[in-house]
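*Asks:*
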Amino acid sequence: MGVPLAFLYVEIDTMAEAILTLGLLSKPEQRKAVADLKARLTESVAARSRA
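Residue numbers for the sequence shown follow the numbering used here, beginning at -14 and rising by one.
1) Kindly list the residues whose CB is nearer than 8 Å to the CB of Leu(-5), restricted to its own chain and excluding five residues on each side of it in sequence; keep chain order.
2) Along the chain, where does the alpha helix (DSSP H) containing Glu14 start, and where does it finish?
3) Assuming the contact rule is C-beta atoms closer than 8 Å, Ala18 and Leu10 should be a hit. Round their C-beta distance to whole Å, please.
4) With respect to the alpha helix (DSSP H) encompassing Ala(-9), which residues constitute its N-terminal and C-terminal limits?
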């Protein structure tokens, strides 16, 4: 089928899009993208706790 297996099971469209997009990247690029996303989440949570 040419898509990551997880794509077939996810129920949220934006998560499916993220899975497809990550699947197009090399493994090192995938790790960096996930690390960047985690960093954004950490920053967002910290900003909310200061508000």
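All C-beta atoms in this analysis are idealised placements derived from N, C-alpha and C, irrespective of residue type, glycine included.
*Replies:* In terms of the structure at hand:
1) Numbered from 1 along the sequence shown, position 10 holds the residue referred to as residue -5. The residue you asked about is not Leu; residue -5 is Val in the sequence shown. Contacts found: Ala1 and Ile4.
2) Taking the first residue of the sequence shown as position 1, residue 14 is located at position 29. Start and end: Lys12 to Arg35.
3) Against the sequence shown, residue 18 aligns to sequence position 33. Against the sequence shown, residue 10 aligns to sequence position 25. Rounded, the Cβ-Cβ distance is 6 Å, consistent with contact.
4) As a working note, residue -9 is residue 6 in the sequence shown. In this chain, Ala(-9) is not harboured by any alpha helix (DSSP H), its DSSP state being neither H nor E.
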